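If you read the sequence shown in the numbering used here, its first letter stands for residue 1, the second for the next number, and so on. The beta carbon of each residue, even a glycine, is placed where N, CA and C say it ideally should be. On a predicted model such as this, the values are computed, not experimentally measured, just so you know. The block underneath contains the structure these notes are about, expressed in structure tokens.
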Amino acid sequence: MNKKFKIVLITLAVVSLGCAGFSYNRKAPTFIENSYGYVITPLQSFNFSIIDWFSGISKYFKGIAALDAENKELKENLLEARAELNRLKLVESENLQLEAIVKLQQDYSQYSTIGAKVIAKDPGNWFDTFIINKGTNYGLEKNMVVMNEDGLVGKISECGYNYSKVVSIINDTDAVSAESLRTNDIGYVVADFTGEAKCKMQYSDKNADILVGDEIVTSHLSEIFPEGINIGHVSKLTVDSQTSMQYAIIEPSVDFSKLKYVLVLDTSFEKIFTENTTTESEEQ
């Protein structure tokens, strides 16, 4: 075994020395080296191609991940911007409504008025009945008139210390004395109860000249509501199938899906003021 090992070592040493001497000062690769190059070079080229391909794939997916992260950030920024825009629109809308309520107070300065905010409502699409944030602590009482810049909303049906419940004209069974601005024909407006946030007006005179498009306002005969408050306009004329009485469907001027601020009128204030003024004049 030792003899064979020595022979192998000697053979390798001779071959190495021969190769070294053969390659000394040579100007061209040997046949063996050329053969090696023909085999190895394509393999190295293939290996580098595979490495470049995987590197490109890695860069591609890294780029996709970066784009996804950037898109996610952009979407979040867009959502935040939209939310802020909606908030600003709501603030602007509230400011406009508050300004309208202030102007309305000036228009009805002959009455004692209190601005109030809607804080709750019954389930449903419309403000059939709702709660405002003022009550007896502000002197509010049952049957006080509730309106906004567009017209008649309803009346207070119940008062607590710091809240009041309002029944709107689209849910009120009590008749509101009303008239047509065009002809002054008198009628009575009540809730229609069709689920469409409308009212109906029954005529006092069967020969009343009421037409589609007529503006309907509170009349001077009303015991609760001041004269001339806008109720709505006639959208349809029809006949009661049971009583054969003619009546008009009224489209309210108030948008009962978007109530936020209202004005409460104490109509007794004007009566007390008038009575006191009349008494003082008679005494003088």
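Beta-bridge analysis with DSSP links Val-189 to Val-176, Met-201.
The continuous stretches of beta strand (DSSP E) do not include Ile-170, and DSSP gives it neither H nor E.
With respect to Gly-160, Gly-135 sits close: the two C-beta atoms are nearer than 7 Å. Annotation for Ser-235: the continuous beta strand (DSSP E) segment containing it runs 230-239.
In summary, Pro-252 is buried, with 16 or more beta-carbon neighbours lying within 10 Å of its beta-carbon over all protein chains present. If you look at Val-262, you'll find it in the beta strand (DSSP E) that goes 261-266. According to the DSSP secondary-structure assignment, Gln-246 is paired through a beta bridge with Val-239. The residues Ile-170, Ala-197, Phe-256, Ser-257, in chain order, have a CB closer than 7 Å to that of Trp-126 in the same chain once the five nearest residues on each side in sequence are set aside. DSSP, read as helix, strand or coil, puts Ser-253 in coil. In the structure shown, Ile-210 falls within a coil segment according to DSSP collapsed to helix, strand and coil. Taking all protein chains shown into account, Asp-192 has 16 or more neighbouring C-beta atoms within 10 Å of its C-beta and is therefore buried. Of all C-beta pairs linking the stretch 197-206 to the stretch 239-252, three or more are shorter than 8 Å, placing the two stretches in contact.
Counting only residues of its own chain and dropping the five nearest sequence neighbours on each side, Val-262 has a CB closer than 6 Å to the CB of Ala-116, Val-146, Asn-148, Val-153.
Cβ atoms of Ile-119 and Val-264 stay farther apart than 8 Å, at about 14 Å. With a cutoff of 7 Å on beta-carbon distance, Gly-187 and Ala-178 are scored as near each other. Taking the CA atoms as reference points, Lys-165 sits about 34 Å from Arg-182. Per DSSP, Ile-114 is one residue of the beta strand (DSSP E) stretching across 112-121.
Residue pairing by DSSP places Lys-155 opposite Val-145, Val-167 in a beta bridge.
When secondary structure is reduced to three states using DSSP, Phe-61 falls in the helix class. The C-alpha of Leu-237 lies about 12 Å from the C-alpha of Ala-208. As a beta-bridge residue in DSSP terms, Phe-130 pairs with Lys-121, Val-166. Inter-residue distance for Ser-268 and Lys-155 is about 14 Å (C-alpha atoms, whole angstroms).
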